[in-house]
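Colleague:
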């Protein structure tokens, strides 16, 4: 059914993604699908890495760890954005096409009052992606 699963990850909060990561790996095993972990960074130093090259290396290591831990075929796709806070949703939507994914599995937070003012990333991706999107809470 699915051949390529894209999983957006925030390396600064990877510990909070357990449900989405497990769901994606379970689906990958079920369908024999490849998983690509996508993360977005700025060109400037941040909390995860000093530069985009170091960020990509950390994402590669994350993907390798996930592949080994779950027994799946996994890769990484790091994207550099001028302003990830503003550009995150369009950057992730572009990554769906770049990776060739036919399913996006992404974690979400429990909705709160600010979601009435600012849409969630998961909701925006689900509403605009041309592929199936599973938002895992």
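In our numbering, the protein residues as written are 1 to 137.
In this text, a Cβ means the ideal position worked out from N, Cα and C, and glycines have one as well.
All of these numbers come straight from a predicted model, not from anything done at the bench.
1. List the residues that DSSP assigns as beta-bridge partners of residue 1.
2. Is there a C-beta anywhere in chain D that falls below 8 Å from the one on residue 17?
3. Have a look at the DSSP bridge pairing and note the partners of residue 77.
4. Could you tell me the distance, in whole angstroms, from the CA atom of residue 90 to the CA atom of residue 82?
5. Is the beta carbon of residue 104 less than 8 Å from the beta carbon of residue 79?
6. For my contact list, residue 33 and residue 2 are in at a C-beta cut-off of 8 Å; report their separation, rounded to the angstrom.
7. Using the rule of at least 16 other Cβ atoms within 10 Å of the residue's Cβ for burial, across every protein chain shown, is residue 100 buried or exposed?
8. Work out the CA separation of residue 28 and residue 5 for me, nearest whole Å.
9. Apply the 10 Å Cβ neighbour rule to residue 17 and answer buried if 16 or more other Cβ atoms are within range, or exposed otherwise.
10. Excluding the 5 residues flanking residue 129 on each side, which residues of the same chain have their C-beta closer than 7 Å to its C-beta?
11. With 16 as the cutoff for other CB atoms within 10 Å, does residue 45 come out buried or exposed?
12. Would you check if the distance between the CB atom of residue 37 and the CB atom of residue 7 is smaller than 8 Å?
Modeller: Straight from the coordinates:
1. Walking along the chain shown from the start, residue 1 turns up at place 1. Answer is none; residue 1 lacks a bridge partner.
2. The structure shown has no chain D; it contains just one protein chain.
3. Counted from its first residue, the chain shown places residue 77 at position 77. Bridge partners of residue 77: 38.
4. For this step, residue 90 is matched to residue 90 along the chain shown. For this step, residue 82 is matched to residue 82 along the chain shown. Their Cα atoms are separated by approximately 12 Å.
5. For the purposes of this step, residue 104 is taken as the residue at position 104 of the chain shown. For the purposes of this step, residue 79 is taken as the residue at position 79 of the chain shown. No, these two residues do not count as a Cβ contact at 8 Å.
6. The residue given as residue 33 occupies position 33 in the chain shown. The residue given as residue 2 occupies position 2 in the chain shown. Indeed, because the Cβ distance is near 5 Å, the residues count as touching under 8 Å.
7. As a working mapping, residue 100 is identified with position 100 in the chain shown. It is exposed - the Cβ of residue 100 has fewer than 16 other Cβ atoms within 10 Å.
8. Here residue 5 corresponds to residue number 5 of the chain shown, with the count starting at 1. Here residue 28 corresponds to residue number 28 of the chain shown, with the count starting at 1. Looking at the two C-alpha atoms, the distance is approximately 7 Å.
9. In the chain shown, the residue the question calls residue 17 occupies position 17. Residue 17 should be labelled buried.
10. One-based indexing of the chain shown puts residue 129 at position 129. Taken in chain order, the residues that qualify are 93, 96, 104.
11. The residue you call residue 45 lines up with position 45 of the chain shown. It counts as exposed.
12. Working through the chain shown from its first residue, we reach residue 37 at position 37. Working through the chain shown from its first residue, we reach residue 7 at position 7. Yes, the pair counts as a contact, with Cβ atoms nearer than the cut-off.
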